[in-house]
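The structure appears below as structure tokens.
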Amino acid sequence: MIKLAERGLHHMGFVVDDFEGTIEHLKSFYGVKDFQIYDFKPNKAYTRGVKLPECELKIAMCSFGKGNKDTIEIIYPAVGESIFKEYLDKGSIGFHHICFPVDDFDDSRNYFLSRGAEIIFEVETEDDIIGFRRGMFVHDPELDLIIEIKENPYFRNK
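Just so you know, we're using numbering that gives the first Met the number 0 here: the sequence shown kicks off at 0 and counts up by one.
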């Protein structure tokens, strides 16, 4: 059994339809100063098990609190279909998921599948700067909550 509560949250994710406007709001309303902004183009992406021909997200990470340990992620679905685009298409905006970091991605995936959870989005990517990493988004129907499981990156022998 995996114990997510012992791992701590990595971030809370928000899906937005106005990326730049949201960043400006966080600066002016909350006093956030620093953002890590990047385009995320995973090597592989799947929505509900179906491989996506293209998927690109604009992402901004920012931190709150002492030590910058309380992090939020801003996501804008820039290209292609994804659960994030579906979220906006339904008229939703704002809080979307909580994220837990793991080293044992395969064990975590098997744990959720064995409990009947639906994996609604999966990504895999690798580069020479951060390394190999995978992520999955799982729907917990009991709480109607989306959980992201984020593999801690590592370098593989190629």
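We treat Cβ as the ideally placed atom computed from N, Cα and C, and that holds for glycine.
Just so we're clear, the structure is a prediction, and the values are computed from it rather than from any experiment.
Quiz item: Which ranges does the alpha helix (DSSP H) cover as unbroken runs of at least 4 residues, wholly within the region 85–151, from first to last along the chain?
Solution: 104–113
Quiz item: Thinking C-alpha only, which one of Phe136, Phe28, Asp38 is nearest His96?
Solution: Locating residue 96 in the sequence shown gives position 97, where the first residue counts as 1. The shortest Cα separation from His96 among Phe136, Phe28, Asp38 belongs to Phe136.
Quiz item: Enumerated in chain order, which unbroken segments of the alpha helix (DSSP H) with a length of 4 residues or greater are wholly contained in the region 11–48?
Solution: 18–29
Self-check item: Rounded distance between the beta-carbons of Ile73 and Phe131, thought under 8 Å
Solution: The sequence position of residue 131 within the sequence shown is 132, counting from 1. The sequence position of residue 73 within the sequence shown is 74, counting from 1. Going by Cβ atoms, the distance from Phe131 to Ile73 rounds to 25 Å, so no, they are not a contact pair.
Quiz prompt | Local conformation of Lys2 per DSSP, three classes | solution = Counted from its first residue, the sequence shown places residue 2 at position 3. The answer is coil: DSSP assigns Lys2 none of H, G, I, E or B.
Quiz item: Identify the residues that DSSP records as bridge partners of Cys61: which are they?
Solution: Within the sequence shown, the letter at position 62 stands for residue 61. Beta-bridge pairing links Cys61 to Ile71.
Self-check item: In DSSP terms, what Pro76 is bridged to
Solution: For the purposes of this step, residue 76 is taken as the residue at position 77 of the sequence shown. Beta-bridge pairing links Pro76 to Leu56.
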